[in-house]
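The first sequence runs 3 to 568 under this note's numbering.
Using N, Cα and C, we set each Cβ at its ideal position, and we do this for glycine too.
These numbers come from a predicted model, not from an experiment.
What follows is a short report on a single structure.
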Amino acid sequence: MNKSTNKEPGDKESRSLNFIEHIIEEDIRNNKNEQRVHTRFPPEPNGYLHIGHAKSICLNFGLAEKYNGLCNLRFDDTNPLTESVEFVDSIKEDVRWLGFNWEERLYFASDYFEKFYEFAVFLIKKGKAYVCDLNTEQIAADRGTPTRPGNESPYRNRTPEENVDLFRRMREGEFKNGERVLRAKIDMASPNMHMRDPVMYRIIHAEHHRTGNKWCIYPTYDFAHGQSDSIEKITHSICTLEFEVHRPLYEWFIRELEIFPSRQIEFARLELNYTIMSKRKLMQLVDEGYVNGWDDPRMPTISGLRRRGYTPEAIRSFAERVGIAKRENVIDVALLEHTIREDLNKKATRLMAVTDPLKLVITNYPEGGSEELEAPLNPEDPDAGTRKFSFSRELYIERDDFMEEPPKKFFRLAPGREVRLKYAYIIKCVDVVKDSTGKITKIHCVYDPETRSGTPGSTRKVKSTIHWVSAPHAKPARFRLFDRLFRKEDPDDVEEGKDFKSSINPGSLRVVEGYITPGTDPLNPLDKFQFERLGYFCVDPVSTCDKPVFNRTVTLRDAWAKIKNR
RNA sequence: UGACCGAUGGUGUAAUGGUAGCACUGCAGAUUUUGGUUCUGCCUGUCCAGGUUCGAGUCCUGGUCGGUCAACCA
């Protein structure tokens, strides 16, 4: 039973389908493929997965789930030069982490190499493929242009017998790289460049990460992808728009091979503003040291987002909201940030931390004294319980929460002003201490002992409540404050002679030292917190008990920042 | 200058030929011991020109704009 036939009348949300779901439901109505829905996620293991892949993963696995079907994980590993097990492993980890399960259906195109070889021989014997001795440049030159037809290869009319023999010798390693290729015999005058006798096999004497040195000829994408789909009886082969022009070829091979007809459907890939999604460019950022690896929290990779503190739930929610369509689109990163705030608001334990400490002394509080206070672990979740922590005479507050000469809309602490210390007392600033350079080093306040949180005196209204950490109890911590990696909405929009790297935001990583309230041990990697009023943070894997390191996932929405920047 | 694909608020995405809806963003207000959350309200949209029809975002024709395609990458 699938959701779409289960709808309640008036349940508008589940009634709106994307265009792929429309196709699938029509196929089901028409009894196509015995109403089977079988998709696949087909990454090439030549890089790390990014948020754009997450969209595709959620689509493919999501569709299978929705229509009670299956989704395979298949590595499209037909190019030994660029692929590696490192990438295979990271991709598997990322898909699993996102919450999807391919069960026993983990496949590799390389597992089908023998089958592809047989397919090729079949086409050769049918007179639909031939071995061509032209080199890359000659083939390219003969292919023509989109507006001019190409020329037929002089080797085009070799006999099937000769072709079979030549192809066998290619496999046997008789020829050097690039010396010969196997081409489909289609139409050199086709308006579709991909139909102009495309290359099916090329000679690459290189070790493959799975098949080792067994092969020295490798199928191209066009002669591997659709064939793999067909072998796996994929019903809906979903890919991105740039493969649209390949579809006639995809269908040509299936028809000539007389194999199971998978259907290719294209959708628009995800683009995010202030972000690049090209694998090549991401690799450049890694290789040239602009970031600290594929899992740098500023990277749009799944591993980067994970280390940044994103949750699978947030990413899946994001993938759901961006929608599926055929028009090119650029999603606002604000939507991604919204989904992680939404998820973490429900889940994250609240704690107080100060990232830019300013000493505050409560002059009328007993010297050496302290007391214990209590606060909810998560106000959104009453069942989460409470935590206890200490208050004392000397505290740290956020430097931003004090201004000597406050502008009109500034509600926080200032000379002569009152604010509430969250979960503690109302205090009033009575003095400001500066060093010889004029920098504020300390502020003096008095507190009102009648206003302790939870007591009747605490109900007095003040303009603002600020967070703090008790200085003698404070635990030093490092905070990595991330900002967007690029300062331009479209990082590729650069002046002549420059590239996307000139759009990099020099301030994308700020590391600061501050304090957190103690009592949070043990801190496990990727544990998530909301530091009240600051944002959501997670524990970085390099963190130690002595020196916790937090990555800021995202700030809280900040009304004051907006006012301030006007 | 060819073929193919696409075009709905600022950004995305819906709407058997029948009231253009939803989300994000932005703005305004209410609530609030997080300038958070929550709640309420508001702004802004069918690329253009014709045609078919009682009725067009939807169908047809022509244009405009954008994208893709000339790797032995995927």
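Cβ contact (3+ pairs, closer than 8 Å) linking the segment 341-361 and the segment 551-558
Yes, the segment 341-361 is in contact with the segment 551-558.
Proximity to alanine 336 [Cα-Cα], best of Glu491, Gly371, Met279, His446:
When only C-alpha atoms are compared, the closest one is Glu491.
Is there contact here, the segment 70-81 with the segment 267-278, by at least three beta-carbon pairs under 8 Å?
No, because fewer than three Cβ pairs between the segment 70-81 and the segment 267-278 fall closer than 8 Å, the two stretches do not touch.
Rounded C-beta distance between histidine 356 and glutamate 400? I'm assuming under 8 Å.
Checking the sequence, you will find valine at residue 356 rather than histidine. Rounded to the nearest angstrom, the Cβ distance from valine 356 to glutamate 400 is 5 Å, consistent with a contact under 8 Å.
Pairwise C-alpha distance: glycine 387 and aspartate 29:
The straight-line gap separating the alpha-carbon atoms of aspartate 29 and glycine 387 is approximately 51 Å.
Residues near lysine 444 by beta carbon distance below 6 Å, same chain, minus five either side:
Cβ contact annotation for lysine 444 (same chain, cutoff 6 Å, sequence separation greater than five): Lys361, Val435, in chain order.
Close Cβ partners of tyrosine 517 (< 7 Å) along its chain, the five nearest in sequence each way excluded
Within the same chain, tyrosine 517 has close Cβ partners Ala355, Val356, Pro359, Tyr398, Val471, Ala476, Lys477, Pro478, Ala479.
Cβ pair alanine 186, proline 200 closer than 8 Å
At a Cβ-Cβ threshold of 8 Å, alanine 186 and proline 200 count as neighbours.
Arginine 309 beta carbon less than 8 Å from that of proline 302
Inclusion of proline 302 and arginine 309 in the CB contact set at 8 Å is not warranted, their separation being larger than that value.
Using the Cα positions of glutamate 244 and valine 514, report the straight-line distance between them to the nearest angstrom.
Taking C-alpha positions only, glutamate 244 is separated from valine 514 by approximately 43 Å.
Along the chain, where does the alpha helix (DSSP H) that runs through alanine 56 open and close?
Where alanine 56 is concerned, the enclosing alpha helix (DSSP H) stretches over 53-68.
For the pair the segment 485-499 and the segment 311-331, tell me if three or more CB-CB distances fall below 8 Å.
With a cut-off of 8 Å on Cβ pairs, the segment 485-499 is not in contact with the segment 311-331, counting fewer than three such pairs.
Contact set for isoleucine 565: own chain, Cβ-Cβ below 6 Å, skip 5 residues either direction
Contacts found: Lys411.
Using CA coordinates, which residue listed in Gly71, Glu46, Ala56 is at the minimum distance from alanine 321?
Of the listed residues, the one whose Cα sits closest to alanine 321 is Ala56.
Bridge partners for threonine 351 per DSSP, in chain order?
DSSP output for threonine 351 lists Phe531 as bridge partner(s).
Report yes or no: do the segment 441-459 and the segment 418-428 share at least 3 C-beta pairs separated by less than 8 Å?
A contact exists between the segment 441-459 and the segment 418-428.
Local conformation of lysine 623 per DSSP, three classes
Residue 623 falls outside the range modelled here, since the chain spans only 3 to 568, and no answer is possible.
Have a look at glutamate 163 and lysine 127 and give me their C-alpha separation to the nearest angstrom.
A direct Cα-Cα distance of roughly 7 Å separates glutamate 163 from lysine 127.
Assess, as a yes-or-no matter, whether the segment 110-124 is touched by the segment 141-160 under the definition of 3 or more beta carbon pairs within less than 8 Å.
Output reads no: the segment 110-124 does not touch the segment 141-160.
Classification of lysine 216 by the beta-carbon crowding that lies within 10 angstroms, buried from 16 upward
Flag for lysine 216 reads exposed.
Looking only at its own chain, which residues have a Cβ that is under 8 Å from the Cβ of glycine 129, when we skip the five neighbours before and after it?
Excluding sequence neighbours, glycine 129 sits near Pro162, Lys187.
Grab the span of the alpha helix (DSSP H) containing glutamate 374 for me, first residue to last.
From DSSP, glutamate 374 is part of no alpha helix (DSSP H) but of the beta strand (DSSP E) over 372-378.
Run through the DSSP bridge pairs and tell me what glutamine 266 is partnered with.
According to DSSP, which records beta bridges pairwise, glutamine 266 is partnered with Ser239.
Do asparagine 165 and valine 133 count as a contact pair if the criterion is CB distance below 8 Å?
In contact: valine 133 and asparagine 165 (Cβ atoms closer than 8 Å).
Going by DSSP in three states, proline 359 sits in which element: helix, strand or coil?
Here proline 359 sits in strand by DSSP.
Write down the C-beta distance between valine 247 and histidine 196 rounded to the nearest angstrom, noting that I regard them as a contact closer than 8 Å.
Between valine 247 and histidine 196 a beta carbon distance of about 6 Å is seen, short of the 8 Å cut, so the two are scored as contacting.
Are asparagine 573 and isoleucine 240 closer than 8 Å when you measure CB to CB?
It is not possible to answer for residue 573, since the shown part of the chain is limited to 3 through 568.
Less than 8 Å separating the beta-carbons of lysine 281 and glycine 49?
Contact: yes.
Between the CA atoms of isoleucine 26 and alanine 143 - distance to the nearest angstrom:
Rounded to whole angstroms, alanine 143 to isoleucine 26 spans 41 Å at the Cα level.
Counting only runs that start and end within the segment 88-133, where is the alpha helix (DSSP H) found for 4 or more residues in a row?
Here the runs fully enclosed are 115-127.
Ordered list of beta strand (DSSP E) runs contained in the segment 135-187, each at least 3 residues
Segments of the beta strand (DSSP E) lying fully in the segment 135-187: 183-186.
Run the CB neighbour count on glycine 175, radius 10 Å, all protein chains shown included, and call it buried at 16 or more, exposed below.
Around the beta-carbon of glycine 175, fewer than 16 other beta-carbon atoms lie within 10 Å, marking it exposed.
For a minimum of 3 consecutive residues, which ranges assigned as the beta strand (DSSP E) are wholly contained in the segment 200-235?
Entirely contained in the segment 200-235, the beta strand (DSSP E) runs reaching 3 residues are, in chain order, 201-205, 219-221.
Arginine 329 (DSSP reduced to helix, strand or coil):
Three-state DSSP puts arginine 329 in coil, outside helix and strand.
For valine 288, which residues from the same chain have a beta carbon less than 7 Å from its beta carbon, with the 5 sequence-adjacent residues on both sides left out?
So the list reads Gly295, Trp296, once near-sequence residues are dropped.
CA-CA distance, asparagine 567 and methionine 405?
Answer to the nearest angstrom: the Cα atoms are 16 Å apart.
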